[in-house]
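Presented below is the structure to which this report refers.
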Amino acid sequence: DTAVSQTPKYLVTQMGNDKSIKCEQNLGHDTMYWYKQDSKKFLKIMFSYNNKELIINETVPNRFSPKSPDKAHLNLHINSLELGDSAVYFCASSQARTQQYFGPGTRLTVT
Amino acid sequence: GQQLNQSPQSMFIQEGEDVSMNCTSSSIFNTWLWYKQDPGEGPVLLIALYKAGELTSNGRLTAQFGITRKDSFLNISASIPSDVGIYFCAGQRGGADGLTFGKGTHLIIQP
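If you read the protein sequences in the order shown, they are chains Z and B. Residue 839 is where the first sequence starts when you use the working numbering, and the numbers rise one by one after that. Residue 20 is where the second sequence starts when you use the working numbering, and the numbers rise one by one after that.
Next up, the structure:
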């Protein structure tokens, strides 16, 4: 019974391509998030999203866009991939102000 | 973006020793959290703190929410080999805000 799941686990692609990472949570939470973890293990918020509001970290390039088909899913679309986009991307979810639960991560490698 | 100052960056200790790590911030957070990350996995919540001054335990782990709301510490008593990993502090201002993470403390335990 995976609470927050992500696919794929690993993604290797070339510069310039467009790719998507999917996230699903079965916890009934109302808020979902995307984080980026760099090679030094630093975790940084990219987006938070609930039914009412999308909050975007201003440092995130507009090549990144979250898409939520329904409350249980928040997918991450990335256009024109660059070498610097290589990282581990984590999806998370929470119910209002309660603790956030993280998915297992997607390791993106851009060559 | 803001970062939390987490220290120490790494710790090499003997099994059975107690561990202490802390986080400080230049601004106030309304929630402090401590996560542990194992290799290839997402962060897993250890302790969540919601009130200034709050002291909370989870087994051998104890964490406190600083009275100024600008700091928190985590103690691990009688460390065991499975405590190895990266420990992250995180602060949240409220609502659907994303978490602001510290840079992590790498804990290495020598048997």
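Each residue gets a CB set at the ideal place from its N, CA and C atoms; glycine is no exception.
- Message: For a test of the three-state rule: what should DSSP assign to Pro942 of chain Z, helix, strand or coil?
- Response: Position 104 of the first sequence, counted from the first residue, corresponds to residue 942 of chain Z. Assignment of Pro942 of chain Z by DSSP, reduced to helix, strand and coil, places it in the coil class.
- Message: DSSP has Ser39 of chain B in a bridge; who is on the other side?
- Response: As a first step, residue 39 of chain B is located in the second sequence; it is residue number 20 there, counting from the start. Partner(s): B:Asn94.
- Environment of Asp923 of chain Z [buried if 16+ CB atoms lie within 10 Å]: Taking the first sequence and counting its residues from 1, one reaches residue 923 of chain Z at position 85. Result: buried.
- Assign Gly35 of chain B to one of two classes, buried (16 or more other C-beta atoms within 10 Å of its C-beta) or exposed (fewer than that). As a working note, residue 35 of chain B is residue 16 in the second sequence. Classification of Gly35 of chain B: exposed, given that the 10 Å Cβ count is below 16.
- Quick one: list the residues of chain Z neighbouring Ile127 of chain B, beta-carbon separation under 9 Å, in chain order. Reading the second sequence from its first residue, position 108 is the one you call residue 127 of chain B. By Cβ distance, chain Z contributes nothing, its closest Cβ being about 14 Å from Ile127 of chain B, past 9 Å.
- To which residues of the same chain is Gln863 of chain Z closer than 7 Å at the C-beta, ignoring the five residues directly before and after it? The residue labelled residue 863 of chain Z in the question sits at position 25 within the first sequence. So the list reads Ala841, Val842, Met870, Ala910, Ser931, once near-sequence residues are dropped.
- Could you give the residue range of the beta strand (DSSP E) that holds Gln7 of chain B? Residue 7 of chain B cannot be examined here, being either before or after the span of chain B that is shown, 20 to 130.
- Put Asp856 of chain Z into one of helix, strand or coil per three-state DSSP. As a first step, residue 856 of chain Z is located in the first sequence; it is residue number 18 there, counting from the start. Note: Asp856 of chain Z maps to coil in three-state DSSP.
- Message: Please list, in chain order, the residues of the segment 70–82 of chain B that have any C-beta partner in chain Z closer than 8 Å.
- Response: none
- Query: Name the chain D residues that come within less than 9 Å of Asp37 of chain B, Cβ to Cβ?
  - Reply: The question asks about chain D, but that chain is absent: this structure's protein chains are Z and B.
- Message: Since Gln25 of chain B and Cys42 of chain B should fall inside the 8 Å C-beta cutoff, what is the C-beta to C-beta distance between them, to a whole number of angstroms?
- Response: Translated into the one-based positions of the second sequence, residue 25 of chain B becomes position 6. Translated into the one-based positions of the second sequence, residue 42 of chain B becomes position 23. Contact holds; Cβ gap of about 5 Å.
- Does DSSP put Asp923 of chain Z in a helix, a strand or coil? Looking up residue 923 of chain Z in the first sequence gives position 85. In the structure shown, Asp923 of chain Z sits in a helix (DSSP, three-state: H, G or I).
- Under 7 Å Cβ to Cβ from Ala82 of chain B, same chain only, skipping five residues before and after it: list those, please. What you label residue 82 of chain B is simply residue 63 of the second sequence in a count that begins at 1. Answer for Ala82 of chain B: Trp53, Ile66, Leu68, Thr75, Ser91, Phe92, Leu93, listed in chain order.
- Message: Quick check on DSSP: helix, strand or coil for Pro899 of chain Z?
- Response: Taking the first residue of the first sequence as position 1, residue 899 of chain Z is located at position 61. In the structure shown, Pro899 of chain Z sits in coil (DSSP, three-state: anything other than H, G, I, E or B).
- Query: Roughly how many whole angstroms lie between the Cα atoms of Leu946 of chain Z and Arg901 of chain Z?
  - Reply: Here residue 946 of chain Z refers to the residue found at position 108 when the first sequence is read from its first residue. Here residue 901 of chain Z refers to the residue found at position 63 when the first sequence is read from its first residue. Leu946 of chain Z and Arg901 of chain Z: Cα-Cα distance of roughly 15 Å.
- Exposure label - Met853 of chain Z; buried when at least 16 CB within 10 Å: Looking up residue 853 of chain Z in the first sequence gives position 15. Counting the other Cβ atoms within 10 Å of the Cβ of Met853 of chain Z gives fewer than 16, which makes it exposed.
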